[in-house]
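Oh and the sequence shown: position 6 is 497 in the working numbering, straight run, nothing missing.
By construction, the Cβ of each residue, glycine as well, lies at the ideal position given by its N, Cα and C atoms.
Just so we're clear, the structure is a prediction, and the values are computed from it rather than from any experiment.
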Amino acid sequence: MLWSRAVLAKNGELADDIALQLLPKSTRGVVTAGLFDGVSNFLEWVSARTVFLNEGCDAFLSSPACAGGKDCQVVIFGAGFDTRSIRYQREGLRFFEVDLPNVVEAKRKMSAGYCAARGVAPRSKSGGSNSTTARENLAPRNHPWGASAASLASR
492 MLWSRAVLAK NGELADDIAL QLLPKSTRGV VTAGLFDGVS NFLEWVSART
542 VFLNEGCDAF LSSPACAGGK DCQVVIFGAG FDTRSIRYQR EGLRFFEVDL
592 PNVVEAKRKM SAGYCAARGV APRSKSGGSN STTARENLAP RNHPWGASAA
642 SLASR
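Structure representation (structure tokens):
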């Protein structure tokens, strides 16, 4: 999905300036060189899904429960490599993305690289543990990724 989002964003068919940056540095050139431009027509569903989910997120964030910078939380089940938690950052907003442990770990590594490239320090409430079953959110600061189903169940 991340590759699809990066290709669509590169071609101006999707507003997501984060997807390309999260791809491994060594492979971003494949997207920027246009090697996958021909598949854009087959990725229309990705754009439609993104618009649908963004509209739902926008509606929630502008509701009385969250409007005006109030503290609120968004939980995304089966999050995969969704970039919403970065694109929608604001003070008081926390995202919890739930997925399989191997997906959570891969995304945590991508997020750490993204943070390192921007000089943002990762945060951890449990002394630096990277366990996907830890009770605390272990994701990098301002990028609260990384809750596995097991870690949410233990909260």
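DSSP bridge partner residues for residue i (one or two, in chain order)
i           : result
residue 577 : Paired residues: none, contrary to the question.
residue 568 : 589
residue 563 : 584
Cβ separation of residue i and residue j, assumed to be a contact under 8 Å, to the nearest whole Å
i           : j           : result
residue 601 : residue 537 : With a Cβ gap of about 18 Å, residue 601 and residue 537 do not count as contacting.
residue 511 : residue 572 : That belief does not hold up - the Cβ atoms of residue 511 and residue 572 are roughly 12 Å apart, past 8 Å.
Same chain, Cβ closer than 7 Å to residue i, neighbours up to 5 away in sequence not counted
i           : result
residue 495 : 534, 537
residue 560 : 581, 582, 583
residue 570 : 588, 589, 590
residue 502 : 528, 531
6 Å Cβ shell around residue i - same chain, five flanking residues per side excluded
i           : result
residue 515 : none
residue 527 : 498
Residue span of the alpha helix (DSSP H) that contains residue i, given as start and end
i           : result
residue 501 : 493-501
residue 548 : 535-552
residue 611 : Neither: residue 611 is in no alpha helix (DSSP H) and is coded neither H nor E.
residue 511 : 510-513
residue 521 : 519-523
Contact check, residue i vs residue j, beta carbons under 9 Å
i           : j           : result
residue 548 : residue 566 : no
residue 568 : residue 576 : no
Spatial neighbours of residue i in its chain, beta-carbon cut-off 8 Å, leaving aside the 5 residues before and after
i           : result
residue 507 : 496, 497, 499, 500, 541, 574, 578
residue 557 : 551, 563, 584
residue 505 : 496, 499, 537, 538, 541
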